[in-house]
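Beneath this line is the structure, given in structure tokens, with notes to follow.
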Amino acid sequence: SNFFENTVTWNNAPGISPTIYSKVITDADVDNFISIDITNIAIGWFNNTIPNFGITLVGIEDVIIDTLIGYLSNKACADGRRPFLSIVFNQGGTGGTGVTGATGATGATG
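The sequence shown begins at 196 in the numbering used here and counts up one residue at a time.
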């Protein structure tokens, strides 16, 4: 659900809606960028078929004991390590020419 970044806290954070998107993180991913393809979600946002309440990264700390994964926030001092969403827009080609309409009435002579 909707929230305001400046007022949300751990105690009043809205619930999340899990999606089918997931990514298994291994030790090899530590200190590396991790890419998750959310194309279908972004298309849904664009077409207004999916409400855009953002993306939530959820760890598996409750599933596997002694597992903890941390992420930097958008406020992190390390500019190059902040999470970001990259959108690549590909515009389709020009469509075909339509049918020529009927000739209009002759205008007044000047």
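We put the CB at the ideal spot given by N, CA and C, even for glycine.
Computed from a predicted model, the values in this text were never measured in an experiment.
In the DSSP assignment, Thr234 falls within the alpha helix (DSSP H) that extends over Thr234 to Phe241.
With a beta-carbon spacing of about 5 Å, Lys218 and Ile231 fall inside the 8 Å limit used to define contacts. Secondary structure at Asp222: helix, using DSSP grouped into helix, strand and coil.
Residue Thr251 holds the alpha-carbon nearest to the alpha-carbon of Ile236 among Thr251, Gly302, Asn201 and Ala208. Between the C-alpha atoms of Asn285 and Thr304 there is a straight-line separation of about 48 Å.
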